[in-house]
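First the structure, in the form of structure tokens, and then the observations on it.
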Amino acid sequence: MRCSSPAGWLGLRMWLVPPSPTWTTSFRNSPRERGRRMQTVDLLITPRDPLLFRDGRPFNADPGAAARSLPWPMPSTCAGALRTHIGNACSWNWFTDGPDKAKRIGFQGPFLVARSSSDSPWEIYFHAPADAVVYELEKECGGKETKLMRLRPWKLPEGAGCDLPHKGLLPLKVTTEQKPKGGCDFWSFDDTVRWLASGTSEEVPQRSFGRLLQETRVHVKIDPDKGTSQEGMLFSVSYLVFPDVGGKEFGPHSTGILCRVFHNENWRPAPSALTLGGERRLAYVQEASSAQVGWPQVPDLLRNALAETRRLRIQLVTPALFAKGWCPGWLDENLEGCPPGLEGLKLRLVAAAVPRRIPVSGWHMDRRNGKNGEKKERGPKPPRYTAPAGSVFFFEVIDGSVSPEALWLAQISDNEQDRRDGFGTMLPGVWDYAE
29 MRCSSPAGWL
39 GLRMWLVPPS
49 PTWTTSFRNS
59 PRERGRRMQT
69 VDLLITPRDP
79 LLFRDGRPFN
89 ADPGAAARSL
99 PWPMPSTCAG
109 ALRTHIGNAC
119 SWNWFTDGPD
129 KAKRIGFQGP
139 FLVARSSSDS
149 PWEIYFHAPA
159 DAVVYELEKE
169 CGGKETKLMR
179 LRPWKLPEGA
189 GCDLPHKGLL
199 PLKVTTEQKP
209 KGGCDFWSFD
219 DTVRWLASGT
229 SEEVPQRSFG
239 RLLQETRVHV
249 KIDPDKGTSQ
259 EGMLFSVSYL
269 VFPDVGGKEF
279 GPHSTGILCR
289 VFHNENWRPA
299 PSALTLGGER
309 RLAYVQEASS
319 AQVGWPQVPD
329 LLRNALAETR
339 RLRIQLVTPA
349 LFAKGWCPGW
359 LDENLEGCPP
369 GLEGLKLRLV
379 AAAVPRRIPV
389 SGWHMDRRNG
399 KNGEKKERGP
409 KPPRYTAPAG
419 SVFFFEVIDG
429 SVSPEALWLA
439 QISDNEQDRR
449 DGFGTMLPGV
459 WDYAE
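For what it's worth, our numbering labels the leading residue of the sequence shown as 29, then goes sequentially.
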């Protein structure tokens, strides 16, 4: 028996606040940093230019070549930009211990923030959960009605089975075969919390919008000797546009990137320019509190829903890096284990909704020589594959109790440095079996 659902990975047809205190929190879920007081700074990045976050596809000087941007920056991109910004402000020596200091700076985000007008408050938006399918139905009287289907773990009838990669996994039940509606890629903070706090609700998000627009620019190759263009050597680059004026195709008046850094350096944030992404395009960075942007806190609605629950739903709000691809490496062969930094909470994976994997790479920028004085080769990093933001994992609690504060925006990637780079940030929720 094949249990179908709108999309999948690994060949499976399955979709598998008020401002916070700025200088008091310690960086969580990192063994090296636990017990060590760290300064916490919330930052708002507002791009001045369209930004380029390359998706890793080949891009060369051939005629017709195209560089494409990811729909949202990877955590490591923003973490690297802010670490460089802090290091330059502190006059670090990038040929000695500067890179080591940079890696010790913890990072959370990036989260999308948007507002409807220049005088309205900023609101946080998260990637849409993969267990929610928004679709449209034709009304009898004409027009269309937007509805939502919740994908829930389904206990198969006796004698039935499916082709999931582990015999202990359950499929997600699809109650109606409908084509997903576009334009709901980001959900507001309130809509996300309502979704996490209920295991059965199928309420359509009240405030959501699609991907950021992309702007394509065509360029021509310049002959370095003559300083003139080369005939036929055209190429295009697609940039991610962060609007600062509302329009028909995009709802919010303006958008930005909310981040948090954890450090113990002698640095205080000041409004300044920042280079971000490919081509070192300009953005403006400032302390989030000065722009009246608050870091998201655990809401009472979710705290009450998580009290005494034995069914924990984990939704990724940033991509996660796992040793087993889509599956957390901290789970054993029985799909049981404890999340990093939460050793008192033992979980068993029941089901998962994981969209198509997204590759992440980068460029080696460490300028130091090796231990024996040899020159390090600077070049592209080998690609790795992430479980994308919006992925949902359904767990049963085997041992321990669920602490909303400990799970809120915890980072669950396998590797400590990946967690410090911002990969695997999650939100907790509850769930129930499909009927």
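Cβ atoms here follow ideal geometry from the backbone N, Cα and C, with glycine treated the same way.
Would you mind reading off the limits of the alpha helix (DSSP H) that contains residue i?
i    : result
K131 : 126-132
P103 : 103-117
L435 : 432-435
R331 : 328-334
If we ignore side chains and look at the alpha-carbon of each, how far apart do residue i and residue j end up?
i    : j    : result
A417 : G238 : 15 Å
H155 : S282 : 18 Å
G457 : E463 : 19 Å
E433 : G284 : 26 Å
P233 : E205 : 20 Å
L165 : M177 : 12 Å
F139 : Y312 : 16 Å
A415 : S257 : 42 Å
K129 : I250 : 39 Å
P157 : K183 : 21 Å
S104 : P91  : 31 Å
L179 : L198 : 12 Å
R412 : L349 : 8 Å
D191 : L363 : 16 Å
K209 : V161 : 8 Å
G63  : K175 : Because the pLDDT at G63 is just 44, under 50, the model does not fix this residue reliably, and the point stays unresolved.
P181 : S144 : 37 Å
P408 : D147 : 43 Å
W354 : E259 : 46 Å
A117 : L310 : 17 Å
S419 : D360 : 20 Å
R245 : R76  : 17 Å
P383 : Q439 : 19 Å
F451 : R308 : 22 Å
F214 : P99  : 11 Å
F217 : R296 : 28 Å
E61  : F423 : Residue confidence for E61 is low, a pLDDT of 46 falling below 50, so the modelled location carries little weight; the figure read from the coordinates is stated next. So the alpha carbons of these two residues sit roughly 27 Å apart.
What's the call for residue i, buried or exposed, on a 16-neighbour Cβ count within 10 Å?
i    : result
K201 : buried
H392 : exposed
A381 : buried
V248 : exposed
D446 : buried
K207 : exposed
A142 : buried
R222 : buried
I426 : exposed
Q320 : exposed
F123 : exposed
S97  : buried
P387 : exposed
C106 : buried
D328 : exposed
S318 : exposed
Looking at the strands, I want to know which residues DSSP matches up with residue i.
i    : result
H155 : F214
S257 : I250
T220 : For T220, which the question treats as bridged, DSSP gives no partner whatsoever.
M454 : L344
V265 : A95, R245
S300 : V313
K352 : C355
F135 : V289
T414 : I386
R85  : According to DSSP, which records beta bridges pairwise, R85 is partnered with nothing at all.
R339 : E424
S79  : The question names Ser, yet the displayed sequence has Leu at residue 79. Paired residue(s): L268.
W391 : P408
A142 : E151, T283
G369 : G369 is not bridged to any residue.
Along the beta strand (DSSP E) that carries residue i, what are the first and last residues, could you check?
i    : result
D253 : Run containing D253: none; DSSP gives neither H nor E here.
Q445 : No beta strand (DSSP E) contains Q445, which is instead part of the alpha helix (DSSP H) from 444-448.
D70  : 67-75
V310 : According to the sequence provided, residue 310 is Leu. The question's Val does not apply to it. Run containing L310: 309-315, per the beta strand (DSSP E) assignment.
D427 : 420-427
L377 : 374-381
L286 : 282-291
L165 : 160-166
I386 : 386-388
T228 : Per DSSP, T228 belongs to no beta strand (DSSP E) and is neither H nor E.
R235 : Run containing R235: none; DSSP gives neither H nor E here.
Task: Contiguous beta strand (DSSP E) assignments of at least 3 residues, all confined to the region 170-207 - done: 172-178
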